[in-house]
Amino acid sequence: MLLILLGAPGSGKGTIASELHKTYGLVHISTGDIFRANMKEGTALGLQAKTYIDKGDLVPDSITIGMLEDRISQPDCAKGFMLDGFPRTIPQAEALEGMLQTRSQKIDAVVRIDISDEEIRSRVSGRRVCSSCGESYNVDFRPPKTEGVCDVCGGPVIHRDDDKPETVMARLKTYHEKTQPLIDFYEKKGLILPADNEESSKIALSQIHAAFADKGLIS
Ligand code: AMP
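All residue numbers for the sequence shown refer to the working numbering, where the first residue is 155 and numbers rise by one.
As structure tokens, then:
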């Protein structure tokens, strides 16, 4: 299966992706995670990306598209994958179409994660993440057992710089301007599957499983 998760920053894409990975074994590709890994390692790509990410801006398409193409060219992606955080602009979506065409692959569905900006702002302010393994936490409803320490790997649990309130506002603005037009782009292709994540990811996931079954994507 080849899947795209489309939603605002903080909409819960990462949580939903990790559940879909567990259930269907889909390879999970998060461009945000790839950038963060590069920033941590101090690579040239990471240093370039950091200047944009810290401001809540998108990393330019000229950097992002090539990076994604490298990732989906890996052998583990031959039978499909799930994109989380890509595409984020119309040129990225068009570039993806071209890459898939040359690989004789096609997108099966685009999951649109629906959630209000207000709910995002309240969730993201409590969001914390392990800087080693990427496990997500929330200070209000899913804190790590020991404050600041990851339950999974023992790594440091941090508040991402780009999850700070002023950056979140900038990221939401960027989402509405640059990424929201993709909903229309994929709607016209009949690929959108809506998932309501305002209340809980359980509801969103049950809608996704039902839509997959309905579309014959799972048996
Ligand atoms: P995320 O974890 O998906 O919210 O991504 C964190 C940050 O990485 C974003 O705010 C962007 O600055 C950058 N980023 C991730 N994916 C992309 C993309 N497809 N295009 C441009 N920038 C991206």
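Glycine residues also receive a C-beta, built at the ideal position from the N, C-alpha and C atoms.
- Counting every other CB atom within 10 Å of its CB across the protein chains shown gives C304 a total of 16 or more, marking it as buried.
- Taking the Cα of Y329 as reference, the smallest distance to any Cα among D271, G252 and G168 is reached at D271.
- It is roughly 9 Å from the alpha-carbon of A191 to the alpha-carbon of S286.
- With a contact defined as Cβ atoms closer than 8 Å, I267 and I170 qualify at about 7 Å.
- Note that the C-beta distance between I226 and L345 is not below 8 Å.
- Relative to ligand 1, the nearest heavy atom lies less than 7 Å away from the CB of G239.
- The shortest CA-to-CA distance from K327 to any of L157, R296, I158 and P163 is the one to P163.
- Counting every other CB atom within 10 Å of its CB across the protein chains shown gives Q246 a total of 16 or more, marking it as buried.
- D268 carries a strand assignment under DSSP once its states are collapsed to helix, strand and coil.
- G220 and Q361 have their C-alpha atoms roughly 33 Å apart.
- Scanning the stretch 222–279 for uninterrupted beta strand (DSSP E) segments of 3 residues or longer gives 235–238 and 263–268, listed from N- to C-terminal end.
- Scanning A349, E320 and P297 for the CA closest to the CA of A365 turns up A349.
- Annotation for I158 indicates a beta carbon at 7 Å or more from all heavy atoms of ligand 1.
- For secondary structure counted as the alpha helix (DSSP H) over 4 or more consecutive residues, the stretch 160–187 holds these complete runs in sequence order: 167–178.
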